[in-house]
Amino acid sequence: MDEVLATEQRRYGGGVGYRTEEVLATGHYRTEEVLATGQRRCLLQDRGGVCYRTEEVFATGQRRCLLQDRGGGCYRTEEVLATGQRRCWLQDSGGVCYRTEEVLATGQRRCLLQDRGGVGYRTAEVTDIQAKGAVLSWVAPSRAEGEGVSPSLEPLSYDVSISYSGKDGKYTSMYSGEQLSVTLEDLRPATDYHVRVLAVCSGQCLRGSPSEAVAFTTRSCEPDPPCPPRKASGSKSSTLVLQWKAPCDNGSKIQNYTLQWDEGKGTGGYEQCYYGPQKQYRVTKLSPASRYSFRLAAKNDMGISEFSETVDLYTSCSVPSPPLPPELVKAGVTWLCLTWQRPSTSPKEDDIFYSLEMDEDEGYGFQPSYDGDELSCTVKNLHRSTKYKFRVAAYNTEGKSNPSQVAEFTTCPDRPGGPCRPVIRGRVLPNSFRLAWEPPKDNGGAEVTKYVVEISEGLSGVSWELAYSGPAMEHVCEGLKPGHSYQTRVYCMSEGGQSPLSETLQVQTPAVPPGQCQPPRVVGKPKAREVQLRWGPPCVGGGSPVSVYSVEVCGAGPQGSTGQEEVREVYQGSEVDCTVGSLLPGRTYSFRLRAANKAGYGPLSEHCEVTMGPGAPEPCKAPHITCKSPTVAVVSWEAPACNGGVISEYRVEWGAAQGTMQVCFSGASLTHEVKGLLPATNYFCRVQAVNVAGVGLFSEAVLCQTPPSVPAAVSSVHALKEAELRGYHTSTDQEEEEEEGEEEEDGPRTPPLYSPSTCLAVGWEPPCDHGAEISSYLIDLGERQSISVGPVTKYIIQHLQPDTSYRIRIQALNNLGSGPFSHTFKLKTKPLPPQPPRLECTAFSHQTLRLKWGDGPAKATPSDALQYQLQTEDKRGRFVSLYRGPCHTHKVQRLNECTSYMFRIQAFNEAGQGPFSTVYTFTTPRSPPAPIKAPRVERVEDMSSVCEVSWEPLLPMKGDPIIYTVQSMMGNSEYKQVYKGSATSYQMPGLQPNSEYRFRVCAIRQCQDAPELSGPYSPTVTLSPQRSELSAGSVSSVGPRAGADPARPLTDEQWAALIIMLCAVISILIAFIIQYFVIK
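Following this note's numbering, the numbering of the sequence shown begins with 280 at its first residue and continues without gaps.
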């Protein structure tokens, strides 16, 4: 044991065990020193003080730590004694505290704690360790006397916590109380536990530190009781297959299971039927539909477990007996809910399934409708008001019973459909009408019992009243108002319910004519030819608003005369005033009024007499027109009645249309001469008289036509466009034009019928013929002879010189003579179109043909004046366009091998399209075989001088067989053919040792009517020579050998790879230089 002085120095070996170092007051450093005595000292100086920490390991095994802080020191020493104890003591200011732990041979773990002024033992000891429990005891800690604490304080309580996941795992509280021992229960067998104790003083709210954890392991025991065995698949009426799961083995592996049964006696006695390690057992030779009781136990090295709960299992029964017929639970319109009972002879433990069958009386018999273990079913998607037959059968694993007796059930009827829209029978009277309707098309499966008629006044349909309810299908609606609108609707009722409402019928009762009106009255002073009248509505409307008023007039003679004239209607309308015109001045007229509605006109009112004042003259009679020449006409007329005023002048209007006539004469004369007219033109003329009372009405307009003359000059002469030229047809070649027009839209454009190099197409607008039909036109070409054509508006002038200008003018002719020439129009013919070039095939393969024509570059710009069109013949014998442009070559792709194709070519420019060339025929050659992949070369086992070359076969090409040629080369010599045939492998004998061989394979197509076609050779495969250090069947290498002679020349593939690598490296360097020196 060490000695500690009051000066906090530790002396050993005749000196002081530490050294003091002096530093500046503002410094901060740490010094560590190992003394010759074995001490390890650490010096740490902080602001305002020095802290020492010294560690020392003694020869006795003690380990001591000295910690000195400001004004004091603290020692902590640990020591492992020879007895196995581990002791730790701590000296603080004022005292020494010892703590010793010891693990006894009995498995106890004891802790000795000596505190200030006294010694106390706190020992946690585990005893009586069993498989599922253990006893834990401990000693209460001692109380210190130097602190002035009375030993009569409240007693301490203890908390015991346990962990089964290691010393540092999660602890769970197992006990809390004042006892110094506790029995730990419900532990797991063969499990490692750690337990610790904690002292608590509840009065002072103090909790001590937990003790060191004590470890112990529970013992193993017999297994837990297993679960009852269960019935597995494969069980039958005389066999039960039982299965079970292994229970917890409690630290010892389960070796066997014991299965006991009561042999079906039910007396409570059990006999063993199986003992072994399996988890399944088949019990045979059992009785059907019988109950058997089983229980199970497991056994390991520690013993046998308790038996499981008893389970009762049943064997399958025999075929069930027929069940009772199904019963109806509830019926719907499209469904029936049925139920049935379980067969009384079947035990409750037997799994019974049911099959419900239904017969719809459609000739198919009973059909399955349900299959399952339920005792009820709802059959859906049925027809309304229909009778169905049902029967049910029961079945289990042993078989199916006979069906039950047939039961018949009927679905409910559905509500009927709405009746048809009601109609009117007979005539609608002002106070009644007869209504009829048809029964609904769908009665819902039940007879209609009654119909209900509802009526509503007005068109709003807000309020409806019951008009009729009964089985009849017509009804007379009475007590109605004249001139009112009504709406009616019908619905019906049956056993299925009420139908929807029918469509609404609107009925309008007729109205009666209105009553007598009051006589009309004059508004203002009557004028010479008109008078304004006004009136009021009749007192009686007749049940309908007045729609029309009618005013009648009866004209009398002059004032004082008694003559009578005919009555006529002068107004009919809905207004209550009108202006009556077309009356004679100075006459007396009698007016009467009547009103009308939907029912008709009412009676006439009393007379109202009105005398008219003087007026303007009467209208003149139609004038008479005489044409002196095509441009001059004479108009004459008669004087009309003056109506009491002398006529002062006449006004004549003349025009080409009635709405555009203008005054051409005003005076007292009865004739007038009109000049400056157009030949063969219609003109209208009318005359008007004027007196002091006003201006009279115009006479009727008279139509006059001037005599015909020679045609007018032709205008709008123009050249026809190419599209118009295509549509032009002459009588001689019209049929040829129609045949050419039948070509397809996607085909080449049809060339013009006439060449624009030698023809000019001219069109013009027809001039006015001046009343005589144009019979022909005369085309003047200047120096050439004039051309006379028929009454057409376009013409093609042929047989002209190419690239020549012509001056053209046209003159129209009729039977009266020739008209003036048109203005001169200048046209020019185009140059001659180009001839087709010669077509050649410059390159060909089995899928492509390269065609060339003409002299020029292969590629040209689209602006070239001369262009070409290449066509080929399709399968239907028509030529379709392949190329159209300025180039001189074209490659035709996607062709078939050994096939002839027909081509033709055409050149065109601004002058037009030239003719097509003759048809050229070119044939594609046969296709050679495809290249073969690199063959495989291997030495034949046990034969060092023989190797086998094999390759993948190719399919025949259009019926032509494929054969193969194998070539071999030894060293640097030339290739020699070693094999030719249809096989896909070849064994080459006579190989020389220490020699290198190269092989390649080529496919050959054997054509039936042509020489053989050879395909490209496969990649070369090298067979390396046998090495002396390898065994006899060395593996052949594909490609160049790893140990080849460095002086051997490189192959083409190696040269290509080398060139590609060099190009890649140079490209990377150039990119790097540009990036670094140029961009940055």
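Every residue, glycine too, gets a C-beta built ideally from N, C-alpha and C.
Three-way DSSP call (helix, strand, coil) for residue i in this model
{"i": "Leu-862", "result": "coil"}
{"i": "Ser-1346", "result": "helix"}
{"i": "Gly-938", "result": "helix"}
{"i": "Leu-1341", "result": "helix"}
{"i": "Pro-471", "result": "Note that residue 471 corresponds to Asp in the displayed sequence, not to Pro. Correct three-state label for Asp-471: strand."}
{"i": "Val-1357", "result": "helix"}
{"i": "Ile-1211", "result": "coil"}
{"i": "Ala-1336", "result": "helix"}
{"i": "Phe-977", "result": "strand"}
{"i": "Gly-294", "result": "Summary for Gly-294: the model assigns pLDDT 37, below 50, so the residue's position carries little reliability, and this model does not support an answer."}
{"i": "Asp-1331", "result": "helix"}
{"i": "Ile-1087", "result": "strand"}
{"i": "Ile-1352", "result": "helix"}
{"i": "Val-598", "result": "coil"}
Environment of residue i [buried if 16+ CB atoms lie within 10 Å]
{"i": "Pro-626", "result": "exposed"}
{"i": "Pro-698", "result": "buried"}
{"i": "Ile-1352", "result": "exposed"}
{"i": "Ala-1262", "result": "exposed"}
{"i": "Phe-1356", "result": "exposed"}
{"i": "Gly-1294", "result": "buried"}
{"i": "Trp-1132", "result": "buried"}
{"i": "Gly-243", "result": "Not covered by the structure: residue 243. The range shown for the chain is 280 to 1359."}
{"i": "Asp-640", "result": "exposed"}
{"i": "Gly-881", "result": "buried"}
{"i": "Pro-1099", "result": "exposed"}
{"i": "Tyr-554", "result": "exposed"}
{"i": "Thr-767", "result": "buried"}
{"i": "Ser-773", "result": "buried"}
{"i": "Asp-1134", "result": "exposed"}
Test: residue i CB closer than 8 Å to a CB of chain B
{"i": "Gly-582", "result": "The structure shown contains no chain B; it is built from a single protein chain."}
Heavy atom of the ligand SAH within 7 Å of residue i beta-carbon
{"i": "Tyr-454", "result": "Of ligands this structure carries none, so the ligand SAH is not represented either."}
Strand pairing of residue i, partner residues [DSSP]
{"i": "Thr-1151", "result": "Val-1159, Phe-1182"}
{"i": "Ile-1242", "result": "Ile-1283"}
{"i": "Asn-579", "result": "Gly-582"}
{"i": "Glu-242", "result": "Not covered by the structure: residue 242. The range shown for the chain is 280 to 1359."}
{"i": "Met-1267", "result": "Cys-1226"}
{"i": "Pro-1165", "result": "Pro-1165 is not bridged to any residue."}
{"i": "Val-520", "result": "Arg-561"}
C-beta atoms of residue i and residue j nearer than 8 Å
{"i": "Trp-619", "j": "Pro-605", "result": "yes"}
{"i": "Thr-728", "j": "Arg-663", "result": "no"}
{"i": "Ser-1362", "j": "Lys-564", "result": "The structure shown does not extend to residue 1362, since the chain spans only 280 to 1359, so no value can be given for it."}
{"i": "Ala-673", "j": "Ser-680", "result": "yes"}
{"i": "Gly-934", "j": "His-997", "result": "no"}
{"i": "Pro-1115", "j": "Pro-1194", "result": "yes"}
{"i": "Phe-688", "j": "Val-786", "result": "no"}
{"i": "Ile-1066", "j": "Ile-1076", "result": "yes"}
{"i": "Val-1257", "j": "Met-1249", "result": "no"}
{"i": "Pro-526", "j": "Ser-572", "result": "no"}
{"i": "Asp-580", "j": "Ser-623", "result": "no"}
{"i": "Leu-1060", "j": "Tyr-1085", "result": "yes"}
{"i": "Thr-690", "j": "Gly-758", "result": "no"}
{"i": "Asp-638", "j": "Asn-675", "result": "no"}
{"i": "Leu-784", "j": "Arg-700", "result": "yes"}
{"i": "Lys-411", "j": "Leu-485", "result": "no"}
{"i": "Tyr-593", "j": "Ala-568", "result": "yes"}
{"i": "Val-931", "j": "Val-914", "result": "yes"}
{"i": "Arg-1284", "j": "Ser-1297", "result": "no"}
{"i": "Arg-871", "j": "Met-891", "result": "no"}
{"i": "Ala-807", "j": "Gly-762", "result": "no"}
*Segments assigned beta strand (DSSP E), at least 3 residues, entirely inside the segment 711–788*: 712–715, 727–736, 744–749, 753–756, 764–773, 784–787
*Length-filtered (3 minimum) beta strand (DSSP E) runs lying within the segment 1099–1123*: 1104–1107, 1118–1123
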